[in-house]
Structure formats: C-alpha cells, structure tokens
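Presented below is the structure to which this report refers.
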Amino acid sequence: MKTSFILSAAIAIRDTILNNESTLESLDRAIGDGDHYINMKRGAGAIVDMQAELESLSPDAALNKIGLKLLSTIGGASGPLLASFFMGMAKVLKDNGDESVPTYAAAFAAGVDLIRQRGKADIGEKTMLDVLIPVANQFKALATANANVKEICNALIDTAEQGMLATKGLIATKGRAAGLGERAIGHIDPGAKSCQLMIMTVCQQRLYSEN
Amino acid sequence: MKTSFILSAAIAIRDTILNNESTLESLDRAIGDGDHYINMKRGAGAIVDMQAELESLSPDAALNKIGLKLLSTIGGASGPLLASFFMGMAKVLKDNGDESVPTYAAAFAAGVDLIRQRGKADIGEKTMLDVLIPVANQFKALATANANVKEICNALIDTAEQGMLATKGLIATKGRAAGLGERAIGHIDPGAKSCQLMIMTVCQQRLYSEN
Amino acid sequence: MKKFINKIDDVLVESLSGFASAHSDLVSLNLNPNFLTRKKIATNKVAIISGGGSGHEPLHAGYIGYGMLDAACPGYVFTSPTPDQMLAAATLVHADNGILFIVKNYAGDVMNFEIAAEMLPFANGLPIKSDTVLTSDDCAVVNSTYTTGRRGVAGTVIVEKCVGSLAETGADLPACKALGDKVNSQTASIGVALTSCTVPAAGRPTFDMSDTELEMGVGIHGEPGRRRETMREADAIVRDCVEAIITDLKTRAILTSNTHEALLLINGFGATPLMELYLIYNTALKLFNQHGIKIARSLVGNYTTALDMAGASITLCLLDDEIKQHWDSPVHTAALRWGR
Amino acid sequence: MKKFINKIDDVLVESLSGFASAHSDLVSLNLNPNFLTRKKIATNKVAIISGGGSGHEPLHAGYIGYGMLDAACPGYVFTSPTPDQMLAAATLVHADNGILFIVKNYAGDVMNFEIAAEMLPFANGLPIKSDTVLTSDDCAVVNSTYTTGRRGVAGTVIVEKCVGSLAETGADLPACKALGDKVNSQTASIGVALTSCTVPAAGRPTFDMSDTELEMGVGIHGEPGRRRETMREADAIVRDCVEAIITDLKTRAILTSNTHEALLLINGFGATPLMELYLIYNTALKLFNQHGIKIARSLVGNYTTALDMAGASITLCLLDDEIKQHWDSPVHTAALRWGR
Ligand SMILES: Nc1ncnc2c1ncn2[C@@H]1O[C@H](COP(=O)(O)OP(=O)(O)O)[C@@H](O)[C@H]1O
Ligand SMILES: Nc1ncnc2c1ncn2[C@@H]1O[C@H](COP(=O)(O)OP(=O)(O)O)[C@@H](O)[C@H]1O
Ligand SMILES: [Mg+2]
Ligand SMILES: [Mg+2]
Ligand SMILES: [Mg+2]
Ligand SMILES: [Mg+2]
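So, in structure tokens, the structure goes:
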C-alpha cells in the first residue's frame, strides 16, 4: 500500500460521506442525536485538508496521524472509535512492513480490535462493529486463502453491506440507541452505515486502481 | 329602568360576548395582545354570577356595584374603562332618579365622559370611544327631541355600528395599537367592537321588552 | 397548542403556587386578590411594588426580595392586574415611608395602578403616600405627543433593580422616584420575534409568521412591531437593533458624549436558547463598542419573557456612578441574585 | 429553522465568545482547542473539569466558578468534546491535587474523557492523578448489564455543585469522587418533550411529533425516550414522571425509609416558559409529598437544556446532611449563584 492510495481513498471517502448526507443524518436522527453525518463530514474533511502533511509520510505514519487527527476532530462516539481503528492499523503496518495482503488483513483486524476494546462492545450490539467484525474476519480468511484483490474487495463490499443491513433487526445494547429498547428495531445503525460506505468506497477505489 | 332589566341585559351581553369569541379574539390578536375576548368574557361572567346580590338593589346601586366588580375582574385597559362607565352612569341615576329618558341619556354620557377622563382619550383615536362618544351624543339629542324608545334604540344600534366600522380606517393613538402606526389601518378596534356589540344587545333587549 | 397546563382557568394560580412553594424562603403568596410579598416584610424603607400581566416570568414576582421589590401583583396572562390587588399588597407591606409603584407603560397597567394609587389614601384610613415610575424603554414604538407612548419592556428589570437597591438604603420616596425615572430615561430596548407566542386561553398563536419572516420591534405581548421583515443572519438583525437603540438614545439627547459606559441586557422571550442569546451578545457587544460604548455590565438570559415566543430583545442602559452602584449592590430574589 | 445564527460553522465559537465576554469577571476562554477555565485559577484543591456536547447551556460553562467547576470543555452541538480539549484544560488548571472529571454517561463522552485521562500522565511529564464521576441519573433508560447504561442528564448539575463545594474545602480526590458517585446514585431524572429540538447544522427537527403527542423519557439530545404518548394535562404527565422516579429509586434500593428529604429540580429544555415549569413544580411537589418525600430544596429553570426543545425534566435528589451542606454552600458561577 502506498501513501498516495491512502490520500486518494481519503478524498473518495470524503465524497462518499458528502453524497450520503441525508441517509446518515436521518439514521442518526431516528435512533441517535442527529449529528453523525456532521461528525463524519468534519472528520473526513480534516483528513483531506492534511494531504500536504501526509504525502511525505510512510503509510503507517500517515495512518497514525489520521487517527490522531480524527481523535481531535470528530468527537462523539465515532471519533475515538475511528481514531482507534487507524492507530491500531498503523501499529501493525509499522511492526510488519506494509506490502502483503495478510498484513493488511491483520492490520484491519487490529484496528477493529482496538474499536472493540475502546467501545467495550462486540458483534450484535447494533454498532459499527456489526460491519467491521465480519469484514475483518473475512478479510483475514481470504488473505490466508490467497484470494486475489478483486475477490477480496468484492467480498468485503458484500459483507459490509450485509452487516450494515443486519443492524436493522437488532436491539442496541451499546451507544446512544441503547436507551431505545425495542424502538431501535427497524432502523439501521448510523455508524454501521458510515463504515459500510467507507469500506465500499476504499474497496472500489482499490478495484479501479487494479484495472 | 328596573334593576331586573339590568340583570337580563347582563345575561344578554354575556351571551353576545360568548357568541363573538372568534371575532373579538382575532381583532385583539391583530392589533393588540389577543386577550380582549377573555377579558370581556371574564367580566361579563362575573356580573351574571352576582345576580342574587344585585336583585334587591336600586338600579344606580346595582350599576355602581357592577362597575366595582368589573374593576376588580377584568383588568387590562378595558377593565378600568368599563368600570368607569358604569360608575359614572350610577352617579347620575342616583342624583337624578331613574325614570326619564333624558336622565338615561345623561347617565350614559356621564359614563362615557369618565372613560374619556380615565383613558385621556377622545374620538378618532381608534378606541371604544369611537363608538361610545357618537352614541352618547345621539342619545342625548334624541332624548332632547323626545324621540320614542324604538327610534332611539334603532338609531343607537346604527350609530354604534358606524363608529365601530370607522375605527377600521384609523391610526391608533391610544391603547396597545398605538405602537403600530400605519399597520393598524384596516383593522377594527376590539374595544370598539365589543362596545358596539353590547350597545346593540341592550338596545335589542329594550326593543323586545317594548313589544 | 401544547403546554404543561391543566385547566386553562387554573394555570395562573397553579403556577403562582408552584413559584411560592419553590421560593418559600423568599416570598409569600396571597390568593384572591393575587399578590406576592417578601417573606419577611421589610420596614423603614419605601416599599417598591410592581406588577403586570402574567406570562413575562420571572417578571415581576421573580424580583421580589432583598434589594429589589417588596411586592408584585400578577394579572392574568398579558392582562394588567386590578386595583384591588395593588391595594391589598400595599396594605400588607410596610408603607410608613410611602410606596413606589413601578409600572410598565401600557394603557391597562397605567390605569389600574392609577386607580389603586387614587384609592390608596382611603384604603385603610392612613395617609399613605405613593408615587409611580412608568417604564417606557421600548424604542420600537416611536414616541409622540399623539400616543400613550412607549412600552415598558425588559429595561423594567434594571429600573426595579436600581430603585430596589436605593430603597434598601432608606432613601425617601422622591429620591426613589427620581432614580427610577432616570434609569428609565437612560435605557432603550428593542425586540425581535422569530415566532409568535400562544396565550393559553386563546389556544393558538397570537400572530402568524412564516419560516422566512421575523417581526422587528415586537412587543412582549406579541404586539406587532415596526415591521415584518425577511429572516436573515443574526449579525444583520442585531445591527438593526443596535442602530435603533443608538438612534433613540441620540434623538432623546441621552447619548451625547463620544464614550459612555453601559449595561447590556440580552433578554430571551422564552423559547430562545441561551446559546443564541450569547451569540447575540457577542455581536451586540462589538457593535456598541464601535459606537464608543463600553459595556461595563452584562446580563444574558430570560428576564422579561413573552410566554413561549422565540425571539430576544436588546436593552442598553447608560451607566453613571449612581446607577452602577445600585446595579452592583447585593440582591436576593428568585431570578436575580448576587452579593448575598 | 429560524435561529439567531450566522454561518453554521461559527455558531459555537461566536456563542462561546459571547459567553466569555458577558462573564469576563468569571471565566477565560481558550479557542482551538476550545475550553474555559475560571478567570482566577484556584490552587490547592482538586480541579473539577466537566464538558460535553454544546446545546445544553448553561451546562457546563455556566457552572464554572467558585464552588463548582474549574474548567469546562464544550464539544460541537450534541457532540462530545475531544481529548485534546480536556488535556489542554487539565494542563491549565492547578492539578497538583489531582483532577476529577465529571462526565455524563454517553459512549462518546465516556470514551473521549477516558482517552484524555489515559493520556494525562504523559501530557506534561507530570504524574497528574485523575478520576472520573460518570453521571447517570436518567431513569427513562432502564439500566441493564446489556447496555452502556443510563444517561446523564440534569442531575449532573447537582453533582457538579456538590463536588465543587467539597473540592473547595480542600478535600482530596477520592473524597470528591466518592461524593460525586453518591450524589449521582441518589438522583433520578426523567424528561418529557413536547417538541423536537433542531440541531443548527442539521437544519431541521431531530424528530417529528404531532400536536397531540409527547415523548416520555426523551434524552437531552432529542433521543427517543420510553415511548411516544398522547398529549395530556400536566398533572397526568407529571404523575407518570414522579412514578418513574420513585420506582427507580426504590428498585435501586436508594429510597428505603418512609420519609426522606430531597432536592427537586424542574428543568426546562429550552423553549418551555417558566410559568409552565412552576406549574409542573406545583404538581410534582404534591405528588412527592404523598410519597413521604419532603422537598427541602428546589431549583426551577433552564439548567440542562436541549437547544430549543419544548419540554421539561424532573429530577429528584435524595438529601443527607452532607449533600445538603454542599448544595447550600456558596457558589458563584454564571448560572448558579448564591452566598456570595
Ligand atoms: N460502544 C460502542 N462501540 C462501537 N460503536 C459504537 C459504540 N457506541 C457508539 N457506537 C457507534 O457510534 C455511532 C454514533 O456515532 P455518532 O453519532 O458520531 O456519535 P454520538 O452517538 O456520540 O452522537 C453509532 O451509530 C454506533 O455505530
Ligand atoms: N386610553 C384609552 N381610552 C379608551 N379606550 C382604550 C384606551 N386604551 C385602550 N382602550 C380600549 O381597550 C381595548 C383593549 O382592551 P383589552 O384588550 O381588554 O386590554 P389590553 O389592551 O390591556 O390587553 C382597545 O381595543 C381600546 O378600545
Ligand atoms: Mg450521533
Ligand atoms: Mg388586549
Ligand atoms: Mg392585555
Ligand atoms: Mg452526538
């Protein structure tokens, strides 16, 4: 992975967020406090704004810096969680180099693991983890099975989408929607949606660069 | 005039006020603070509630008591003004007996005069006085001219209506609407409307008892 | 209309009862006629009594207590109280040093308080002296000899605070009246409504206003103001308010020198969040500074409301040493408290 | 959406600047990262730092000052602040005696403060001790091992007041933490919304609600509550709230004896007039009395708001001598002041 890929992915993510304003906003209005879109937009914008600063860094250093930036920019629940993700990823890349698919998978999993620890949450609690954990698991499995980039990307896009949709049927036991009990059922979790969108965007980006 | 007439007139006035809720309310909403109907209803209701107390009194004593009751019941601008009217009337009746039409006309004029003094207002200022002053003047003139009850009542009903309608074209220089300048034009003054309604009601009452 | 009320006829008494219970250390409530006094009647001072229609809370009952009012007479919502209330309140406070009524300049309030003042000497056979300060700080209504004049709005709080402070020192009735008149004349206010209020008994908004309009110069009863305008950004709205205030103070030759100290009150009408009020303050402060006015004292919050109206008013009171001293002095009421 | 704002991105800083100017005798504002401290940094005491999303004004900055907070970190509207804000604030206050964070129990706030606390020892090379009190008074959310638990709402003000008072006496960090936890556990709140709030950046109401509905158990960010119900008279609404509070305190075995003294806080969410809040108080007082609870202290007003939401919350805090003493002690902040 090159830092330039991170930078173009960041731009693509920012655009995806902006294009999904009403979706993200209405999901968080329904079972949260309505600020998830604004939070994500602020975070994504801040990363795009640091392009110059990131360019010259190694991918792990860039990801770490992205994590720190998100930590001081987003706030709310999603801020520290997404920050943890990038910092967890950065650490694995730093320790293991950044050139093999299994390393990427391990890095992704490490990022998700830090979210898990920070949020004291797990799969099935109607959070972003319902997207991230299945994706991390599948990424690892496909990397181990030596799947090619195209297979991996397509699979992760699907898995993210399924995880996101699955949150619809769940009662929340973490985050702001946890107060809602049964009333949360029928609504997709906003954090799950934004993570699904980001995964989709990065995978598509990777697929394009493949062609 | 008998006290019994005052009592039945009070009931008729109360009913008229209740029947004109939306008219009175929307007039005061437009150029005032929206409470004129509530104020009039409260006052009229209080008088009806004191029937037992008033029955045994002479007409002048009853009117004086009505004035005092309105003073402590209505509040706002209309309270002290209407109270003044009844107390002014009562004084003339007390001093002059209560059996001649000219006395009634003088009493009415005295009541209106007290309103004028209390409110420091005159005709043309877009207040209840735009109804009351013309009515008082005409009442006096007709009484002097020995007009009969029917003529007087019909004339006063018309004059009250004209005075009320005339407030529509005026800029207010007294009362709450005085702050509005040109914006008051096109709206009938609520106090003028309620006075016109009350005069009409009493005159009709008198016309029925004539038949 | 959605409000926390039971029967409409009970709103006032239930609310007053709640107020009196919540502040039972400070006030006593009398019902029928309705008035509130300090818990401990103060003696050897001019008694300061105010009152007016309800719906402007914390005005006036919230200002009863040490350093401010001795009693307050609440009328029905937006309806001035009746003379019997003022007489009963006056009879209960210590009146040996006379009574000063502080009355917002509305025909109804003026007349009802006037009648009370006329009846006062006969009320309990004692020759009680009284005088009245009419507050008329609203510069939205341009004064003229043809009108009953300007309305009393949020500046009333400053008058009550300063006069209350002076009365506490044992000053006599003419001195209290003089200070009240001075503070009133040095004060100018203007209000802006973003929504109407809803009188409970009426059950619907006093006026209609679209989502793209505002009412410039609105009264605290929802009376229409100078004009209906297009909604715009806060800075532009505040600028117009500040200009109106400056023009008023200059026209009345109150603001003459190039620099002046002042008290700036940003008052919420009931439904406007503190966040917005402080934003208004931020802009007003800068604009007044540009006019050479140094904001030496501030007050931001809901002090003279119009039920559930969204909107705010800006009040500027030019300070001199006397007014400043009486503004700063200790006060202990439900809504304004410092120094003790 | 009609609000007194300019550019949406500037709302927070403009409002904070206005607040800091209006209370320049009390607070200092630092921008980027955003935090406020007391004007005069207090020494030789545990520093009490709170913070949270904006839109709940006067929470928290309005409670900075003698007897309450040392600093507050405001996030964007309804969004918890970020760790750099807390670190910067902690670095500026006197931290020799340690820092107590008071944090409303929301995932975002908890995590951001947690990270700040973790980073604190490394922030300036000094071994700064810190601890955290999580407030969780909202009994609308039934606690369970499966959830992150109850939300912190208006009871936070009582925790901040009492802990702030204790810290002022020179008590150490564990003592402050213990009092905060105790006050929190003895407190229960529940809120009712009559309208939604509108987040400025969203530009439209967080939820839709018809003219005949209310939201029982709403959160202070407009989070849905226990259930959508039919609008009804105040007494019936208040009765349900009181029952919820009593049930909660009994279920948690906090309310055990037959008689108990308590503090009753009726908190407006931003757009509800004082008149209605006192009416609610009146009913709540009677109902709690019927449950053997004597209301020994009261607070009625907008203390923990949800922008422009019409609605109110009821908070009951069971008092003991220690809590009462710390509630009564002098406090001098923008929004709560007595005794000095
Ligand atoms: N403990 C947690 N673990 C994992 N994800 C969480 C947790 N709490 C909240 N989230 C995620 O955060 C999202 C909300 O983010 P956001 O709206 O930005 O913050 P906030 O809830 O503070 O307003 C939720 O939709 C959920 O996916
Ligand atoms: N100075 C005055 N002289 C005569 N009538 C007046 C005067 N001021 C007000 N009014 C009358 O009182 C009416 C308003 O009464 P009301 O709504 O009950 O009182 P308020 O204006 O105090 O709310 C006006 O429509 C007007 O007719
Ligand atoms: Mg959110
Ligand atoms: Mg009226
Ligand atoms: Mg009125
Ligand atoms: Mg949030």
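Chains as they are written, first to last, in the working numbering: chain A, 1 to 211; chain B, 1001 to 1211; chain C, 2001 to 2340; chain D, 3001 to 3340.
C-beta: ideal position from N, C-alpha, C; glycine also.
Check, Outcome
"Residues of the segment 3065 to 3086 of chain D with a CB closer than 9 Å to any CB of chain A: list them in chain order, please.", "G3075, Y3076, V3077, F3078, T3079, S3080, P3081, T3082, P3083, D3084 and Q3085"
"Give me, in chain order, the residues of the same chain whose beta-carbon lies closer than 6 Å to that of Y3146/D; leave out the 5 immediate sequence neighbours on both sides.", "The pLDDT assigned to Y3146/D is 49, lower than 50, so where the model puts this residue is not dependable; a value taken from the coordinates is nonetheless given after this. So the list is empty, once near-sequence residues are dropped."
"Between which residues of its own chain and E2160/C is the CB-CB distance below 8 Å, once the five residues before and five after are set aside?", "I2048, S2050, H2060, Y2063, M2068, L2069 and I2102"
"Determine, using beta carbons only, whether F2019/C comes closer than 8 Å to chain D.", "yes"
"Should I3237/D be flagged as near chain C, meaning a C-beta pair shorter than 8 Å?", "yes"
"Establish whether the CB of M2111/C and some CB of chain B are separated by less than 8 Å.", "yes"
"Report yes if the C-beta distance between V1135/B and T1159/B is below 8 Å; otherwise report no.", "yes"
"Residues of chain A with a CB under 8 Å from the CB of T3206/D: which are they?", "R29, D33 and G34"
"Just curious, the beta strand (DSSP E) that R3038/D is in, first and last residue?", "F3035 to R3038"
"Please specify which runs of the beta strand (DSSP E), each continuous and at least 3 residues long, are wholly inside the segment 34 to 77 of chain A, giving them in chain order.", "none"
"Can you list, in chain order, the residues of the segment 2218 to 2247 of chain C whose Cβ is nearer than 7 Å to any Cβ on chain B?", "G2219, H2221, G2222, E2223 and P2224"
"Within a Cβ cutoff of 6 Å, which residues of the same chain sit near H3221/D, ignoring the five residues on either side of it in sequence?", "F3078"
"Check whether the Cβ atoms of A3296/D and T3195/D sit closer than 8 Å, and answer yes or no.", "no"
"Within the continuous beta strand (DSSP E) that includes N3112/D, where are the two ends?", "Per DSSP, N3112/D belongs to no beta strand (DSSP E); it is in the alpha helix (DSSP H), A3107 to A3123."
"Of all residues in the structure, which have a C-beta closer than 5 Å to any heavy atom of ligand 4, taken in chain order?", "D1028/B, G1032/B, D1033/B, D1035/B and H1036/B"
"Less than 8 Å between C-beta atoms, sequence neighbours within five positions excluded: which residues of the same chain meet that for S1084/B?", "G1067, G1111, L1114, I1115, Q1117 and R1118"
"Is the Cβ of A1997/C closer than 8 Å to any Cβ of chain D?", "Since the first residue of chain C shown is 2001 and the last is 2340, residue 1997/C is not available in this structure."
"Comparing the C-beta of Y3146/D with each C-beta of chain A, is any distance below 8 Å?", "Because Y3146/D carries a pLDDT of 49, less than 50, the predicted location of this residue cannot be relied on, and no value is offered for it."
"Residues of chain B with CB closer than 9 Å to the CB of V2141/C, please, in chain order.", "A1178, G1179, L1180 and G1181"
"Here's a check: name, in chain order, each residue in its chain whose Cβ is nearer than 7 Å to the Cβ of S3017/D, leaving out the five neighbours to either side.", "L3029"
"For V3011/D, I'd like the list of residues in its chain whose CB is within less than 6 Å of its CB, leaving aside the five on either flank, ordered along the chain.", "I3005 and P3200"
"Using a C-beta to C-beta distance shorter than 7 Å, which residues of chain D count as neighbours of I123/A?", "Under the 7 Å cutoff, chain D gives no residues; its nearest Cβ is about 14 Å from I123/A."
"In chain B, which residues lie less than 7 Å from R2151/C when you measure between Cβ atoms?", "G1179"
"Tell me the rounded alpha-carbon separation between I2008/C and K1069/B.", "22 Å"
"Given a limit of 7 Å on CB to CB distance, which residues of the segment 2279 to 2298 of chain C reach chain D?", "L2279, I2280, Y2281, N2282, L2285 and S2298"
"Measuring only between beta-carbons, confirm whether A3022/D sits less than 8 Å from chain C.", "yes"
"Going by beta carbon distance, what residues of the same chain come within less than 6 Å of L2134/C, once the five residues before and after it are set aside?", "V2103 and N2105"
"Are the segment 2184 to 2198 of chain C and the segment 2289 to 2308 of chain C in contact at 8 Å, needing three or more beta carbon pairs?", "yes"
"Can you list the residues of chain D that N2006/C reaches, using a CB-CB cut of under 7 Å?", "E3233, A3234 and D3235"
"With distances taken between CB atoms, is the gap from I17/A to K2/A smaller than 8 Å?", "no"
"So what's T2206/C in DSSP terms, helix, strand or just coil?", "coil"
"In the segment 1081 to 1146 of chain B, which residue ranges form an unbroken alpha helix (DSSP H) of at least 4 residues, counting only runs that do not cross its ends?", "1101 to 1119 and 1129 to 1144"
"Taking only three categories from DSSP, how would you classify T1023/B?", "helix"
"Any idea what DSSP makes of S3054/D, helix, strand or coil?", "strand"
"Using three-state DSSP, classify K2/A as helix, strand or coil.", "coil"
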